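*Asks:* Sequential numbering of the sequence shown, starting at 1, is according to my numbering. Ideal placement from N, C-alpha and C gives every residue a C-beta, glycine not left out. Just so you know, these numbers come straight off a predicted model, no measurement behind them. Got a structure for you, questions after.
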Amino acid sequence: MSLQTIKYFCKDGFKNIFLNKTMAAASISIVVAALTVVGIFIAIGINLEYISQQIEKTVDIRVILQKGQEEKAVVIEEYLRKNALVREFKYISPQMALQDLKNKLGKNSFLLEGLEKDNPLRGYFVVKPVKIEYTKELAEELESLDGVAQVYFPSETVDKLRRILKIINLFCILLILGLYIVAIFIIANTIKITLFARRREISIMRYIGATNRFISGPFVVEGFIIGILGSILAYAIVLLFYHYAIRYLSQTITFIDFVNISIYKYKILGVFILTGSMVGILGSLISLRRYLKA
Numbered sequence: 001m002s003l004q005t006i007k008y009f010c011k012d013g014f015k016n017i018f019l020n021k022t023m024a025a026a027s028i029s030i031v032v033a034a035l036t037v038v039g040i041f042i043a044i045g046i047n048l049e050y051i052s053q054q055i056e057k058t059v060d061i062r063v064i065l066q067k068g069q070e071e072k073a074v075v076i077e078e079y080l081r082k083n084a085l086v087r088e089f090k091y092i093s094p095q096m097a098l099q100d101l102k103n104k105l106g107k108n109s110f111l112l113e114g115l116e117k118d119n120p121l122r123g124y125f126v127v128k129p130v131k132i133e134y135t136k137e138l139a140e141e142l143e144s145l146d147g148v149a150q151v152y153f154p155s156e157t158v159d160k161l162r163r164i165l166k167i168i169n170l171f172c173i174l175l176i177l178g179l180y181i182v183a184i185f186i187i188a189n190t191i192k193i194t195l196f197a198r199r200r201e202i203s204i205m206r207y208i209g210a211t212n213r214f215i216s217g218p219f220v221v222e223g224f225i226i227g228i229l230g231s232i233l234a235y236a237i238v239l240l241f242y243h244y245a246i247r248y249l250s251q252t253i254t255f256i257d258f259v260n261i262s263i264y265k266y267k268i269l270g271v272f273i274l275t276g277s278m279v280g281i282l283g284s285l286i287s288l289r290r291y292l293k294a
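This is the structure:
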């Protein structure tokens with residue numbers, strides 16, 4: 001394809017937009033609306049993932065050793081160090097457990113005096129899994145180890161959190177796909193109007209031997225431009241909305257940290273431009289199918 005042909009495609013593509021300003025504006029608005037909602041849900045998804053990671057860090061498994069079996073701690077420690085499901089772990093000896101209890105009781109710690117010689121507490125491990133979904137599997141493994149009396153972990157909390165995150169992720173994916181489909185068909189209708197208005201010109205071009213590729217070029221460029229313009233406008237709206245939303249939420253919900261999305265701004269811009277241009281091109285190709293049949 002020559003440079004002259006590319007220039008012709010671009011020039012004609014822009015001309016199509018100006019000839020159908022109303023429909024082009026409607027298409028751009030739909031792309032902006034769709035990508036804005038997509039961007040907001042991407043931002044929500046990033047924050048949910050970040051919050052779930054923070055929650056995961058607080059989820060741990062308590063591995064209680066059998067009374068008088070503290071020597072097994074060395075073997076269990078070696079097992080945990082080699083286990084791929086374990087992110088980190090810590091051993092609390094009976095003496096450390098007793099001291100922790102004294103610290104918690106504060107002024108009432110005198111109630112525990114004399115227990116140093118006959119400590120009723122048992123040693124235990126605090127184990128954090130690599131991912132929250134491995135908690136149950138890891139707990140079952142640890143429960144079968146020699147010298148382990150009991151294993152505690154928040155099974156209901158873990159299961160509920162996993163279910164909620166799966167439902168939210170599925171909802172976001174379905175909504176995003178639905179919005180993309182709507183945007184594609186709106187752009188397709190815009191291109192169809194241009195094609196209908198220029199149907200005689202297209203017929204003449206085909207009659208004198210113009211290829212489908214040459215005829216479709218300007219319309220593909222038109223869809224591409226609509227997608228790019230819509231994506232850039234949507235990107236600006238999302239960044240502005242997120243900035244003010246997070247500033248408000250940070251003052252209202254002080255116990256949750258939110259992601260500073262500006263560190264992802266170039267990646268998000270790239271995603272917007274890529275998806276916006278793809279939506280525009282797909283919309284153009286769908287509408288061109290009818291007119292380019294041999």
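Going by the CB atoms, is the gap between V31 and A234 shorter than 8 Å?
*Replies:* The Cβ-Cβ distance between A234 and V31 falls below 8 Å.
*Asks:* Could you give the residue range of the beta strand (DSSP E) that holds I226?
*Replies:* Here I226 belongs to no beta strand (DSSP E); instead the alpha helix (DSSP H) covers N212 to T252.
*Asks:* Can you tell me whether V63 is buried or exposed, with buried defined as 16 or more other CB within 10 angstroms of its CB?
*Replies:* So V63 ends up on the buried side.
*Asks:* Using 8 Å for Cβ pairs, my map puts V126 next to V86. What's the rounded Cβ distance?
*Replies:* No, V126 and V86 are not in contact; Cβ-Cβ is about 11 Å, not under 8 Å.
*Asks:* Just the C-alpha distance for R206 and L249, rounded to the nearest angstrom, thanks.
*Replies:* 59 Å
*Asks:* Would Y124 pass as a contact of L65 if the rule is Cβ separation under 8 Å?
*Replies:* yes
*Asks:* Does the Cβ-Cβ distance between V182 and A34 come in under 8 Å?
*Replies:* yes
*Asks:* What would DSSP say about A139, mapped onto helix, strand or coil?
*Replies:* Note: A139 maps to helix in three-state DSSP.
*Asks:* Would P120 be called buried (16 or more neighbouring beta carbons within 10 Å of its own) or exposed?
*Replies:* exposed
*Asks:* For L80, which three-state DSSP category applies?
*Replies:* The answer is helix: DSSP assigns L80 an H, G or I state.
*Asks:* Distance, Cα to Cα, Q54 vs H243?
*Replies:* 22 Å
*Asks:* Helix or strand or just coil, what does DSSP make of F258?
*Replies:* coil
*Asks:* Does any residue of chain D have a CB that is nearer than 8 Å to the CB of I232?
*Replies:* Reference to chain D is not applicable here, since this structure consists of a single protein chain.
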